[in-house]
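Engineer:
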């Protein structure tokens, strides 16, 4: 007997490649789910991996976090400076751009504060 | 001690005997006496059939005048005369009534009354005495005629003939003061006739109009006898035929009430009957209407309880009957109040049925009446005529009307009338239904990769009905399927197609994806390639294959023929082991080389043996057949 496989219709699930956690630290929804402001998981609600730290968030969640000036551009979990690993083709370009802009503005703010601190420090000490 | 004295007419009579006219002649008189003449002429006091009235001589007229000059004497004389007649009646009339038919009784009554009236005319009585005589005479007749036999005769007469004969008999009975008695008889006979007619003619006749023919029958066949029987001219009014018709309608409602459940079961062909019930209820007087409506509700509920709402009837049947009930009772009572009342026990019972949800879901999705007994749900879903759920009264609505007066406090307008709504509101939560839909669609979407169009349309209809936001999960599932097909086109593997699921959104998949079952697939190479392509197309993501799901088309080429099978991946994997290999394989070998569990392996092998592809050669060893025989 000879066996020819004519057609194979399989079923698979997709998963974000993440290190450890399963849940977004901000919205507490699984990474493979969608953030509270989205309707569909996956392409339209991508996951952003932290470069400096190992924490990952939904793009929209981290955007909301970074939009607050009080976040100071830090990771909400470990308080390190948050920088995103941008993968090609992940997330809408404008949202990625917005993310990078926010990161930049926070960096600028931090640098200015550092300069200010350095300048004003002697007065404080005095 | 002396025995108790029992008072009886006989005893009393023995003490004070009735005085009759003959008592006036106890003493010997002159034979030429006026009184003797008169009394002699007045005899006999009872006229047997065939006997003739003897006209009085002038001498007797004069004697009567002479004797009965004084008014007081007249009254006393009448008393005595009546007593004399009473004695004769007791002797003759009682027996006559016993022995003869109604018609001859009537004739005898007529003859007697005529006889006594002519005698009375000769006596030249004053008005008071004349009235007394007439009254007493009637009173004499009545006890003899108020017998079961006469009543029976009357009933018979009224049932059979409507002609002048019957009228005459009734007249003669009425003339001797039997009118009230005849009225009761006539009324009871008429009632019985109408009732019999309604119950024999219209029972089970639900698909043609009955009301008009009933009215006609009452007016033509019943009313004339009825009116002849009810002599009292005060009560005869033009409306009395309407009253009879009304009565007949009440009987019709009683009949319909008793067969309500069967009518509902045969809902589609009893529409006319329902609208007639509606008409009858609407035209009845307010008091009877309330009573009839209450009775209808009670009767229907008890019929439902004994015929439908028990363990013997399956859920689909109950749902079907509930839908029928909704349709039927909305015809009977368009306000929905009756429906609201009768639906409550059904809904309460339906709540206890666990399989309600799954039947509802299946029913709503399959519009084919042959495969789906609940196809009406599906068509209702597809019609989708203005589904506006107004849970709260709109206070600015200028056409607002209060709830009907007999509605229960938690009556909801429109809530009961729409049967999709009515059924889904039985469920404690809409989410239960949505979950069931999601489950069903999960299976459908994975199975049917071709006719997705239909599924999408169904989902759109459900959204229109139950609200857009309820189906978020389903939306994700549909998008997964759509995206997968796009992705498959992009990757363009001719052999392998994958449906890629968002694992958190597919019921039953989320558990599967956690399982770590490995299967050594024959298409592992293609799968790896597919995964790599996926990784490139969708950065940052990887695939996890679910070997227990999907379908495979395999073609088995035998020596004599080739045959295609549509099988599961594990079945395909097992049969692939026998590819161009005629050596037998043991169960253990198969299990080890596929990675299936022992149990799953034996199941799969069992499947292929049943298909006639493998054969068991003993000691748990199997071998592919060389020629396929089917």
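Residue numbers (the UniProt record's numbering), protein chains in the order written: chain A, 1 to 126; chain B, 1 to 630. Each residue gets a CB set at the ideal place from its N, CA and C atoms; glycine is no exception.
#1: Quick one: complete alpha helix (DSSP H) runs, 4+ long, within the segment 353–385 of chain B?
#2: Are residue 575 of chain B and residue 614 of chain B closer than 9 Å when you measure CB to CB?
#3: In chain A, which residues lie with their C-beta within 9 Å of the C-beta of residue 411 of chain B?
#4: Starting from residue 579 of chain B, find everything on chain A with Cβ-Cβ shorter than 7 Å and list it in chain order.
#5: Please return the same chain residues whose Cβ sits closer than 7 Å to the Cβ of residue 527 of chain B, not counting the five positions on each side in sequence.
#6: Can you tell me whether DSSP reads residue 62 of chain A as helix, strand or coil?
#7: Should residue 420 of chain B be labelled buried (16 or more other beta-carbon atoms within 10 Å of its own) or exposed?
#8: Quick check: is the beta carbon of residue 17 of chain A nearer than 9 Å to any beta carbon in chain B?
#9: Along the chain, where does the beta strand (DSSP E) containing residue 6 of chain A start, and where does it finish?
#10: For a contact defined as C-beta to C-beta under 7 Å, what are the partners of residue 551 of chain B on chain A?
#11: Are there three or more Cβ pairs, one per stretch, closer than 8 Å when the segment 52–65 of chain B is compared with the segment 74–83 of chain B?
#12: Given this structure, state the Cα-to-Cα distance separating residue 79 of chain B from residue 187 of chain B, to the nearest angstrom.
#13: Between residue 396 of chain B and chain A, is there a C-beta pair that is closer than 9 Å?
#14: Comparing C-alpha positions only, which one of B/468, B/353, B/461, B/459 sits nearest to residue 427 of chain B?
#15: Of all the CB atoms in chain A, is at least one closer than 9 Å to the CB of residue 467 of chain B?
#16: Under 9 Å Cβ-Cβ, which residues of chain B neighbour residue 90 of chain A?
#17: Of the residues B/228, B/324, B/301, which one's Cα is nearest the Cα of residue 270 of chain B?
#18: Could you name each continuous alpha helix (DSSP H) segment of 4 residues or more that falls completely within the segment 181–244 of chain B, going from the start of the chain to the end?
#19: Assess contact between the segment 147–161 of chain B and the segment 182–199 of chain B, defined as three or more Cβ pairs (one per stretch) separated by less than 8 Å. Is contact present?
#20: Output the distance between the C-alpha atoms of residue 273 of chain B and residue 333 of chain B, rounded to the nearest integer angstrom.
#21: Let me know the secondary structure DSSP gives residue 45 of chain B once reduced to three states.
#22: Enumerate, from N- to C-terminal direction, the unbroken beta strand (DSSP E) stretches of 3 or more residues contained entirely within the segment 534–611 of chain B.
#23: If you follow the alpha helix (DSSP H) that residue 13 of chain B is part of, which residue opens it and which one closes it?
#24: If you count every other CB in all the chains shown that lies within 10 Å of the CB of residue 8 of chain B, and 16 or more means buried, which is it?
#25: Of all the CB atoms in chain B, is at least one closer than 9 Å to the CB of residue 46 of chain A?
#26: Kindly indicate if chain B contains any beta-carbon less than 9 Å away from that of residue 32 of chain A.
#27: Check the C-beta distance from residue 280 of chain B over to residue 328 of chain B and give it rounded, since I have them as a contact under 8 Å.
#28: Using 8 Å as the threshold, is the segment 474–482 of chain B in touch with the segment 438–445 of chain B, meaning 3 or more CB pairs across them?
#29: Are the CB atoms of residue 590 of chain B and residue 605 of chain B nearer to each other than 9 Å?
#30: With residue 444 of chain B as the anchor, note down where its alpha helix (DSSP H) starts and where it stops.
#31: Can you tell me whether residue 58 of chain A is buried or exposed, with buried defined as 16 or more other CB within 10 angstroms of its CB?
#32: Measuring alpha carbon to alpha carbon, tell me which of B/541, B/610, B/593, B/557 ends up nearest residue 17 of chain A.
Structural biologist: So, from the listed chains and residues:
#1: Here the runs fully enclosed are 356–365, 375–383.
#2: Yes. Within cutoff.
#3: Against residue 411 of chain B, chain A offers no close residue; the least beta-carbon distance is about 38 Å (beta-carbon pairs closer than 9 Å).
#4: The answer, in chain order, is 2, 3.
#5: Around residue 527 of chain B, the same chain offers 496, 521, 545 as residues with beta carbons nearer than 7 Å, after the five sequence neighbours per side are excluded.
#6: Note: residue 62 of chain A maps to helix in three-state DSSP.
#7: Label assigned to residue 420 of chain B: buried.
#8: At least one CB atom of chain B sits nearer than 9 Å to the CB of residue 17 of chain A.
#9: Per DSSP, residue 6 of chain A is one residue of the beta strand (DSSP E) stretching across 2–16.
#10: By Cβ distance, chain A contributes 9.
#11: Counting Cβ pairs under 8 Å, fewer than three are found: no touch.
#12: Each residue's CA atom was taken as its position, placing residue 79 of chain B and residue 187 of chain B some 35 Å apart.
#13: Output row for residue 396 of chain B: interface = no.
#14: Ranking the options by Cα distance to residue 427 of chain B, first place goes to B/353.
#15: Interface annotation, residue 467 of chain B: not in contact with chain A, CB-CB separation never under 9 Å.
#16: Within chain B, the residues near residue 90 of chain A are 538, 539, 540, 541.
#17: When only C-alpha atoms are compared, the closest one is B/324.
#18: You should have 211–217, 223–229.
#19: Verdict: yes, contact present.
#20: The straight-line gap from Cα to Cα measures roughly 13 Å.
#21: Coil at residue 45 of chain B, not helix or strand.
#22: Those beta strand (DSSP E) runs which fall completely within the segment 534–611 of chain B and span 3+ residues are 541–557, 562–567.
#23: From DSSP, the alpha helix (DSSP H) with residue 13 of chain B extends over 9–15.
#24: Exposed, by the Cβ-count rule.
#25: Answer yes: the Cβ-Cβ gap between residue 46 of chain A and chain B drops below 9 Å somewhere.
#26: It does: the Cβ of residue 32 of chain A has a partner Cβ on chain B nearer than 9 Å.
#27: The Cβ separation is near 15 Å, so there is no contact.
#28: A contact exists between the segment 474–482 of chain B and the segment 438–445 of chain B.
#29: When the beta-carbon positions are compared, residue 590 of chain B and residue 605 of chain B come within less than 9 Å of each other.
#30: Taken as a continuous stretch (DSSP letters only), the alpha helix (DSSP H) holding residue 444 of chain B covers 430–447.
#31: With 16 or more other Cβ atoms within 10 Å, it is buried.
#32: Checking every option, the nearest Cα to that of residue 17 of chain A belongs to B/541.
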